[in-house]
Amino acid sequence: MLSKPVGASQEAPTGYFSRRHIDLGVSMISFRPVVFCLVVLTLPLPGLATRVYQSKGPDGSTVFSDQPSPAAREIDIDVPAADEPPATAVPKPAAVTGPPTEADKTVAYTTLLITEPANDAVHWFAQGPVKVQAQIVPPLAEGHVLVPLLDGVAQGAGVPSSGFALTDLDPGTYQLSVVIRDAQGKNLKQSPAIRFHFKRQSLNLPARKPPPRSGS
C-alpha cells in the first residue's frame with residue numbers, strides 16, 4: 005500500500021467541494037419557495053395588522069417569517085381590506101291591481117238635462133212628492149251620483165240614478181238643477197236650471213155654488 009507523503013496537501017478532491025457547493029445551492033433554491041409559501045399562508049385576513057419577522061438568509065436574501073429568530077427584526081404589516089362591491093338595489097315587485105272600475109275612468113258627460121218636471125210647471129200638494137227625471141249621456145257611471153240643487157243649494161248627498169223625488173217642500177216657486185259628482189265630491193257636470201211652482205190648495209177659498217136652474 006502506498007502511503008501519503010508527509011507534508012502533502014490535505015485538500016480533498018476538487019470534485020468533493022464542487023458537489024457540496026451544488027448540493028448547497030440546490031438546498032437554498034428549494035428552501036426559498038418554502039419560506040415564501042409559509043409567509044403567504046400565515047398572513048391574516050384583509051383589513052387586519054400582523055407581526056412579521058424579517059431576517060437575512062445564509063445567501064443574503066431577505067426572509068419573512070411569523071416565527072422570531074435571534075437575528076430577526078420585528079415589523080408590522082397592514083393588509084388592506086378588499087373593496088366590497090356596492091349593494092345592488094333589489095327592485096320591489098309591482099303591486100298587483102285589478103282592472104280599473106268605471107269610477108276610476110274619466111267619464112266625459114255630454115248631456116245632462118231635466119226632463120221632468122217641465123219648465124214653469126205647477127205641482128199641487130195633493131199630487132204628492134215632486135218627481136224629477138234627468139237625461140244623462142253617457143249613463144251615470146259607477147261611483148257617481150246625481151245631486152239636486154234647489155235655488156242653488158244641494159239637497160242631500162245625491163242618488164246613484166237618473167231619477168228621484170223631492171218631498172217636504174213649502175209652497176213657492178223654485179229653481180231646480182242637477183249636478184253629477186264623483187266619489188271625491190267633485191262636480192263633473194251641471195244641468196241648466198228649470199223653474200217649477202209648488203202649490204197647496206187653500207182652505208179659505210169659497211165653495212163653488214151650483215149654477216141656477218132655469219125657470220126659477
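14 is the number that the numbering used here gives to position 10 of the sequence shown; each next residue is one higher, with no gaps.
The beta carbon of each residue, even a glycine, is placed where N, CA and C say it ideally should be.
Cutoff 6 Å; reference residue i; Cβ partners in own chain excluding five residues on either side
i: residue 204; result: 129 and 175
i: residue 76; result: 57 and 59
i: residue 125; result: 200
i: residue 173; result: 202
i: residue 72; result: 57
Continuous beta strand (DSSP E) stretch holding residue i: start and end
i: residue 123; result: From DSSP, residue 123 is part of no beta strand (DSSP E); its letter is neither H nor E.
i: residue 233; result: For the chain, the structure presents residues 5 to 220; residue 233 sits outside this window and is missing.
i: residue 173; result: Unbroken run through residue 173: none, as it is neither H nor E.
i: residue 135; result: 134-141
Proximity of residue i and residue j at Cβ, strictly below 9 Å
i: residue 147; j: residue 186; result: yes
i: residue 144; j: residue 168; result: no
i: residue 142; j: residue 171; result: no
i: residue 158; j: residue 180; result: no
Anticipated Cβ contact below 8 Å, residue i with residue j, distance rounded
i: residue 191; j: residue 182; result: Actually they do not touch by this definition, with Cβ atoms about 11 Å apart.
i: residue 139; j: residue 153; result: Not a contact, Cβ separation roughly 17 Å.
Same chain only: Cβ atoms within 7 Å of residue i, ignoring 5 sequence neighbours per side
i: residue 120; result: 135, 136 and 137
Residue(s) in a DSSP beta bridge with residue i
i: residue 67; result: 59
i: residue 168; result: 136
Close Cβ partners of residue i (< 8 Å) along its chain, the five nearest in sequence each way excluded
i: residue 155; result: 178 and 179
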